[in-house]
Amino acid sequence: MNKIVVTGANGQLGNELRDIDRSGAYAGQYEFVFTDVAELDITDRTAVRTFMEAARPQWIVNAAAYTAVDKAESDAERAELLNAEAVSNLVSAAEAVGAGFVQVSTDYVFDGQMPADRRPLSESDPTGPRSVYGSTKLKGEGYALAYKRSFVVRTAWLYSTYGNNFVKTMLRLGSERPEIGVVADQWGTPTYAADLAAAIMRMIAGADARGADDTALFGLYHYTDEGIATWYDFACEAMRLGGRDCRVRALTTAEYPTPTERPAWSVLSKTKIRNAFSLNIPDWRESLARCIRNL
Ligand SMILES: NC(=O)c1ccc[n+]([C@@H]2O[C@H](COP(=O)([O-])OP(=O)(O)OC[C@H]3O[C@@H](n4cnc5c(N)ncnc54)[C@H](OP(=O)(O)O)[C@@H]3O)[C@@H](O)[C@H]2O)c1
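In the working numbering, the protein residues as written are 252 to 546.
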């Protein structure tokens with residue numbers, strides 16, 4: 252049985268991978284070892300190497316990251332340590348034990364400007380991060396992609412029944428207030444972390460089916476759920492599905508300033524991942540309904 256070590260397993264994505272393990276979907280095929288900072292601090296290079304040499308996994312999935320986008324601006328050193336240097340620690344341990352590696356990245360590696368043709372961004376589009384979070388994640392991508400057995404999966408607008416996220420905030424505000432304002436000029440795709448976790452498992456199983464010496468599938472991919480929405484659309488749908496009686500007012504980015512510039516365009520193309528792994532990607536509205544039922 253192949254062993255998968257998951258780091259940062261108490262976060263949204265990590266918990267969804269725990270659910271996949273509990274579901275038994277990969278029973279007999281994969282054995283999971285879940286770790287978070289208490290068991291394995293990925294910023295500690297020696298600890299990472301020692302842990303992986305003892306566990307000898309076939310795969311390492313890094314679900315840990317510094318994800319507080321605004322806080323990262325004033326905590327750049329820590330963001331760099333977690334989003335970049337820790338990835339280098341994991342890659343070098345993966346290489347030492349011959350494991351495949353999965354790194355998760357973000358739409359914030361792009362400059363966030365809306366292209367004139369409103370085209371989904373592909374893996375070959377130029378990057379140009381505008382934030383500490385985006386530039387440290389891009390550096391982490393570089394470390395991962397230098398290893399021939401790495402997958403880097405960029406995603407966006409993640410939510411889950413676990414952790415704190417936009418859906419939970421909307422449902423809470425929807426119970427507390429008669430009206431809220433939400434930005435309606437930033438576009439992307441809400442993505443259920445359970446769907447991302449399922450896609451990552453398909454990638455791992457797909458690579459394993461081809462054998463350890465075949466590295467053709469490895470590299471950079473985009474994954475989000477299907478469809479396009481604004482934060483306003485996302486909020487309206489969450490209120491509707493959650494049965495909240497709260498009016499959502501459309502705001503412009505200028506009316507809702509944040510310490511870090513938010514991307515106006517985060518729509519990612521899924522063509523590459525869909526073709527490589529024969530994925531059926533659900534529409535964001537279907538997945539949101541599933542998440543809210545699971546809450
Ligand atoms: N959330 C989004 O909207 C979004 C969008 C695009 C891409 N992504 C990417 O998707 C991935 C998963 O995101 P997520 O939302 O699931 O993240 P998350 O919920 O913030 O979980 C990250 C986990 O990593 C843990 N961690 C922090 N420092 C650590 C360390 N030194 N060693 C080991 N674990 C550590 C965190 O623990 P503490 O909570 O104790 O710090 C937390 O349990 C990340 O790579 C993120 O950059 C997220």
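Note that beta-carbon positions come from the ideal geometry of N, C-alpha and C, so glycine has one too.
Spatial distance of residue i from residue j (CA atoms)
i, j, result
"L396", "Q280", "26 Å"
"T503", "A515", "11 Å"
"P510", "Y384", "12 Å"
"I532", "A448", "12 Å"
"V499", "C487", "6 Å"
"T522", "V355", "18 Å"
"A260", "F402", "18 Å"
"L341", "A458", "19 Å"
"L333", "T440", "25 Å"
"G478", "L519", "10 Å"
"R273", "E267", "10 Å"
"R544", "A444", "15 Å"
"A350", "F485", "38 Å"
"Y507", "A480", "18 Å"
"W438", "E430", "22 Å"
"S325", "K390", "18 Å"
"A330", "E290", "20 Å"
"N415", "D362", "25 Å"
For residue i, the nearest candidate out of the options (CA to CA)
i, options, result
"V360", "S325, I271, G351 and T387", "T387"
"S373", "V288, I524 and R541", "I524"
"L471", "E331, A305 and D376", "D376"
"A337", "T442, A480, E304 and R296", "R296"
"A344", "F469, F302 and R536", "F302"
"A323", "R273, V518 and A335", "A335"
"P278", "A260, G259 and K254", "The amino acid at residue 278 is misidentified as Pro; the sequence shows Ala. The shortest C-alpha separation from A278 is found at K254."
"A316", "T357, T440, M490 and F285", "T357"
"T466", "R400, I431 and L409", "R400"
"E492", "A505, A540, A450 and A527", "According to the sequence shown, residue 492 is Leu rather than Glu. Out of A505, A540, A450 and A527, A540 has the C-alpha closest to the C-alpha of L492."
"P380", "E512, A527 and W535", "E512"
"V288", "G265, K390, W310 and A276", "G265"
"E427", "D496, D321, F528 and W535", "D496"
"A305", "L409, Q263 and V256", "V256"
"V404", "N313, C542 and E328", "N313"
Backbone secondary structure at residue i - three-state DSSP
i, result
"W408", "coil"
"S325", "coil"
"F361", "coil"
"Q309", "coil"
"L471", "strand"
"I431", "strand"
"R400", "coil"
"G494", "coil"
"R500", "strand"
"Q437", "coil"
"E477", "strand"
"Y443", "strand"
Enclosing beta strand (DSSP E) for residue i [first to last residue]
i, result
"K254", "N253 to T258"
"V284", "Y281 to F285"
Enclosing alpha helix (DSSP H) for residue i [first to last residue]
i, result
"R535", "Correcting the residue type first, residue 535 is Trp in the shown sequence and not Arg. From DSSP, the alpha helix (DSSP H) with W535 extends over W535 to N545."
"N526", "T522 to F528"
"N340", "A337 to V348"
"R273", "Q263 to S274"
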